[in-house]
Amino acid sequence: MQSKITYLMIIAFSSIILLFSCNAKVDPCVLTNDESIDEIEYIENLLSEQSPYMNINNSRVSTSLNALVIELNKRDSINKNELSFKLKAVLAELGDRHSELEYIGSCNENNRYYLPFALAPWKDNGAIALVKEPRLRFSFYLDNYPFLTSINGQNIKGFIDQNDLKNKHAPKFSKQALGVEKLNEFYKIKPELNVGDQMKLTFTSRDFKSDTTLLLNLVESKSKWRDIDSYLFFDKDDDRMKQLLFRQYDNDIAHITIPEMYKFSENEDYFQWLKQTMNDVKTSNALIIDVRNNPGGNRDLIAFFSNYLIAPNTYHVANLARYRGEISDNTKNSLNTRRLYPYSHFKDTDAQLTIDSFMKNFHPSFKINEKLYSEYHYMVLSSESNSDSYYYNNPVYILTNEMTFSAASVFASSFKGIGNIKIVGISSDGSSGMPKTYELTNSEIRLSLSHMLSYQKNGVLFDGVGTSPDLEIHRSMNQIQGHEDKQLMTLLDTINGNHSMKNLNGEE
569 MQSKITYLMI IAFSSIILLF SCNAKVDPCV LTNDESIDEI EYIENLLSEQ SPYMNINNSR
629 VSTSLNALVI ELNKRDSINK NELSFKLKAV LAELGDRHSE LEYIGSCNEN NRYYLPFALA
689 PWKDNGAIAL VKEPRLRFSF YLDNYPFLTS INGQNIKGFI DQNDLKNKHA PKFSKQALGV
749 EKLNEFYKIK PELNVGDQMK LTFTSRDFKS DTTLLLNLVE SKSKWRDIDS YLFFDKDDDR
809 MKQLLFRQYD NDIAHITIPE MYKFSENEDY FQWLKQTMND VKTSNALIID VRNNPGGNRD
869 LIAFFSNYLI APNTYHVANL ARYRGEISDN TKNSLNTRRL YPYSHFKDTD AQLTIDSFMK
929 NFHPSFKINE KLYSEYHYMV LSSESNSDSY YYNNPVYILT NEMTFSAASV FASSFKGIGN
989 IKIVGISSDG SSGMPKTYEL TNSEIRLSLS HMLSYQKNGV LFDGVGTSPD LEIHRSMNQI
1049 QGHEDKQLMT LLDTINGNHS MKNLNGEE
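Take the sequence shown: its position 413, counted from the start at 1, is 981 in this note's numbering, and no numbers get skipped.
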């Protein structure tokens, strides 16, 4: 009898343990220490085998990875969201401006919160607090203290450096602008807070001689600054929009805004409109091509404008690239889509001589393991003799800013230094890398990496450097508030002889 009772007690106890173990299911939003280390090792191998930027910046990437492993070894587990956030800091060390890492699983918390005002970048280390008004105008959040200078006791530059991990190695002005843009979506730069949480914010006067500090709550509604004319887009049925994209000013100065780098096969109406616009430009005294806030896209517009900006019977090497790994048919097509071709592609003797002459003086800014890369591929500009275009032989100004990205930055770099073409504005956020995407099933992370090194004509990469202007012009306060396009107005004055070709900082 006693043994039977003991047996029944064992059965009951085992059932209780089994019940608890069944209820204690593995949290799908959490990785164990071993699982997270496995993901890191996979990413490290992927970078070593696929990323050209890992070859260049191996030391700082490895240092960041090792620090993360040491941290994880002190823990039993980590939330997938938190792991992805920490891996973004590692990926930033690549210096690959096209790299992306995001958590794509269902554990994402939609907890969004914002600062109670909009922010705009000011020069290379400032931020202006604004309130949105009608008609895309902005007023100061605090009239006497327009600058937000610290958050919870940390100055703005330091706060951005610490929290905007993705843009750590962006060009100076791009890093500041993108960091301030991220502050407009505060939940992205400072996770694990909530609507209503209090922030200690310090604002500074315009002369930087006095401060005021306020305790303000995070809010659930978003307020975001937009640069003047950054809302423009092409619509073949919108005549008003087309009038904004092409304007003519005193002394026959033409101004064309390119809102994105359109692909011909998908935007034939745009290219037809642009061709007609260039016919109208033909008799102008100067041409401004505006690629400010242009996020990039396709290189077809580089070829289009080559027919107008490149002198007949001449060739110019505009961009060089080397692919990491073997070139498959798909890779070849991707390179050709970017108008990048190996030397053997160029059959014209003058084109070959142009490349030969260029390469005698071309010196890449760093050494690479030649065995890991393809031969150079070249983008060579020329005007097509069979096109019904013309050579525009008057001054051309390409207007850029720190948000000119990817193919738009290649556009500016390609034409820089050719004939009568000048780059004006702010240094672009250079990037050119042909990214590919990978997904990690266990951690539910999507990862994009560039697979080629893309050089500017002076031997430096696009990524982390950008293309510097011949004439630097910054925004004014009035431009930030939406009252005028100070950069454009200053350029027009310069063209008309009211300013010399020197740095102009946009101050009033």
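Even glycine gets a Cβ: it sits at the ideal position worked out from N, Cα and C. All values reported here derive from a predicted model rather than from experimental measurement.
Straight-line gap, V964 to L655 (C-alpha atoms, nearest Å): Their Cα atoms are separated by approximately 43 angstroms.
Bounding residues of the alpha helix (DSSP H) (the contiguous stretch that carries Q744): Going by DSSP, Q744 is part of the alpha helix (DSSP H) stretching over 740-751.
Terminal residues of the beta strand (DSSP E) in which G993 lies: Segment 989-993, the beta strand (DSSP E) holding G993.
Beta-carbon proximity list for E753, same chain, < 6 angstroms, skipping 5 on both sides: Result list for E753: empty, nothing under 6 angstroms.
Beta-carbon spacing of N1046, E1052 below 8 angstroms: If you check the CB distance, N1046 and E1052 come in under 8 angstroms.
E701 - partner residues in DSSP beta bridges: Paired residue(s): R705.
Of the listed residues D837, F715, I994, R705, nearest to K777 (C-alpha basis): The candidate whose alpha carbon is nearest that of K777 is F715.
Same chain, Cβ closer than 6 angstroms to F708, five either side skipped, listed in chain order: The beta carbon of F708 sits closer than 6 angstroms to those of P714, all from its chain and outside the five residues before and after it, given in chain order.
Unbroken stretches of the beta strand (DSSP E), 3 residues or longer, contained in the region 795-836: Within the region 795-836, the runs of beta strand (DSSP E) that reach at least 3 residues and sit entirely inside it are, in chain order, 814-817, 821-825.
Coarse secondary structure for E670, derived from DSSP in three states: Looking at E670 - three-state DSSP - the assignment turns out to be strand.
CB of Y911 within 8 angstroms of CB of H1019, strictly: Taking C-beta atoms as the reference points, Y911 and H1019 fail to come closer than 8 angstroms.
Whole-number beta carbon distance between G1034 and D997, since they are thought to touch under 8 angstroms: Rounded, the Cβ-Cβ distance is 6 angstroms, consistent with contact.
Residues near D906 by beta carbon distance below 6 angstroms, same chain, minus five either side: Note that residue 906 is Arg in the sequence shown here, rather than Asp. R867.
Alpha carbon of Y946 to alpha carbon of A889, nearest angstrom: Roughly 7 angstroms between the two C-alpha positions.
Separation of K740 from L633, as counted between CA atoms: Rounded to the nearest angstrom, the gap between the Cα atoms of L633 and K740 is 25 angstroms.
Close-in-space but distant-in-sequence residues of the same chain around D519 (CB under 7 angstroms, 5 per side omitted): The structure shown does not extend to residue 519, since the chain is modelled only from 569 to 1076, so the question has no answer here.
Straight-line Cα distance separating T600 from A592: Unreliable placement is indicated for A592, whose pLDDT of 47 sits below 50; the coordinate value is still reported in the next sentence. T600 has its alpha-carbon roughly 15 angstroms from the corresponding atom of A592.
Ranges of the beta strand (DSSP E) found wholly within the region 980-1060, counting only runs of at least 3: Within the region 980-1060, the complete beta strand (DSSP E) segments at least 3 residues long are 989-993, 1003-1008, 1013-1018, 1020-1023, listed from N- to C-terminus.
Cut-off 7 angstroms between Cβ atoms - residues of its own chain near S773, not counting five sequence neighbours on either side: Contacts found: N712, Y713.
Coarse secondary structure for H913, derived from DSSP in three states: In the structure shown, H913 falls within a helical segment according to DSSP collapsed to helix, strand and coil.
Ordered list of alpha helix (DSSP H) runs contained in the region 598-655, each at least 4 residues: You should have 601-618, 620-624, 626-640.
Contact check, N623 vs L869, beta carbons under 8 angstroms: With respect to the 8 angstroms criterion, N623 and L869 are not classified as neighbours on the basis of their beta carbons.
Other residues of its chain near Y830: CB distance less than 8 angstroms, five sequence neighbours each side excluded: Correct list, in chain order: F802, Y838, F839, G865, N866, D868, L869.
Closest by C-alpha distance to A886, when choosing among T1058, R643, F983, A854: The candidate whose alpha carbon is nearest that of A886 is F983.
I994 to L783 span [Cα, whole Å]: I994 and L783: Cα-Cα distance of roughly 35 angstroms.
CA-to-CA distance, Y944 to E607, given in whole angstroms: Put simply, the backbone Cα of E607 is about 33 angstroms away from that of Y944.
Reference I681; option with closest CA among Y755, L855, G1050, D916: What sits at residue 681 in the sequence shown is Tyr, not Ile. With distances taken between CA atoms, Y681 lies nearest to Y755 out of Y755, L855, G1050, D916.
Proximity of G663 and G1032 at Cβ, strictly below 8 angstroms: Contact flag set, yes.
C-alpha distance - N1064 paired with D818, whole-angstrom precision: About 9 angstroms.
Residues that W690 bridges to, as DSSP identifies them: As DSSP reads the structure, W690 sits in a beta bridge with G694.
Contact check, A919 vs Y883, beta carbons under 8 angstroms: Between A919 and Y883, the C-beta gap is smaller than 8 angstroms, which places the two residues in contact.
Contact under 8 angstroms by Cβ, L1008 with L1015: Yes, the Cβ-Cβ distance between L1008 and L1015 is below 8 angstroms.
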